[in-house]
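Numbering (the numbering used here), first residue to last: 1 to 220. One structure is given below, encoded as C-alpha cells.
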C-alpha cells in the first residue's frame with residue numbers, strides 16, 4: 001500500500017531485477033489500496049509478469065487500514081485467484097498505534113483464504129504469543145497458511161520476545177517461520193549467522209527457517 005510512505009519501488013523495477021538475475025530473486029509487487037479498481041488490475045499485471053506475491057503495508061496507508069478491513073477483501077480474493085502470496089507487514093513500527101499490529105486482523109485474512117499463504121514480516125511483534133497461536137492453529141487444523149517472518153526480532157540477540165519465536169520453532173513450528181534480515185537495520189551476513197547459531201532442539205530447524213520454507217513457498 002502506498003499511503004504516505006516516503007519511497008516506493010515501482011513494480012516494473014522489481015520485474016526488471018528478477019529478469020536480470022534469473023534464479024536469484026523472487027519478486028513481490030505492491031498496490032495502492034486507495035484505488036481498488038487500479039489495485040485489482042495491478043495484481044493481475046504482477047501475476048502475469050511472474051511475481052510471486054503482493055506486499056500490503058495497510059497500516060501505513062492514508063487513512064490507515066486494519067489488515068481485515070472490508071475494502072481489502074476483494075484484493076486478497078484476487079491474490080488468491082492468481083495464486084499469489086499475501087504479505088501483511090505487522091509490528092509496532094507499522095501503523096498509528098499497537099492495535100494495527102494485533103494478529104487477529106491477520107488471522108481473519110488467513111481464515112478467509114485458507115489455501116493462500118499469508119506471510120507476516122516483523123511477525124506482529126510485540127504480539128508474539130498471539131501470532132504464534134495463529135500459526136499453530138493454521139498448521140494443526142488446516143484452517144489457514146500463516147507464516148511468521150520475525151526478521152530483526154529473531155536475529156538480534158537481545159530483542160525482547162526473541163525466545164518466543166525460538167520456542168515456537170522448538171514446539172514444531174519451524175516450518176511456519178521464514179528468515180529475513182531486516183536489512184539495512186541489520187547486515188545480511190551477521191543476520192544469517194545469528195540464526196545459524198541458535199541452539200534449536202530440532203537440528204533441521206535452522207535450515208527450514210533459512211531456506212526450505214521460503215524455497216517451498218516462493219519457488220516450489
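Idealized CB from N, CA, C, for every residue including glycine.
Out of 166, 213, 215, 154, which has the shortest C-alpha to C-alpha gap to residue 201? Residue 201 has its Cα closest to that of 166, out of 166, 213, 215, 154.
So, do the segment 102 to 116 and the segment 142 to 150 have three or more beta carbon pairs nearer to each other than 8 Å? Yes, since at least three Cβ pairs between the segment 102 to 116 and the segment 142 to 150 fall closer than 8 Å, the two stretches touch.
Using DSSP bridges, identify the partner residues of residue 43. In the DSSP output, where bridge partners are listed per residue, residue 43 has none listed.
At what residues does the alpha helix (DSSP H) containing residue 103 begin and finish? Unbroken alpha helix (DSSP H) run through residue 103: 103 to 112.
How big is the Cα-Cα spacing for residue 187 and residue 124? Going from the Cα of residue 187 to the Cα of residue 124 covers about 21 Å.
Just confirm the distance between the C-beta atoms of residue 83 and residue 43, as a whole number of angstroms; I'd bet it's less than 8 Å. Going by Cβ atoms, the distance from residue 83 to residue 43 rounds to 11 Å, so no, they are not a contact pair.
Would residue 174 pass as a contact of residue 198 if the rule is Cβ separation under 8 Å? Residue 174 places its beta carbon 8 Å or farther from that of residue 198.
Skipping 5 residues on each side, what residues in its chain have a beta carbon closer than 8 Å to that of residue 54? Around residue 54, the same chain offers 28, 29, 30, 31, 43, 46, 75, 79, 84, 85, 86, 87 as residues with beta carbons nearer than 8 Å, after the five sequence neighbours per side are excluded.
Please classify residue 52 as buried or exposed, where buried requires at least 16 neighbouring CB atoms within 10 angstroms. With 16 or more Cβ atoms within 10 Å of its Cβ, residue 52 is classed as buried.
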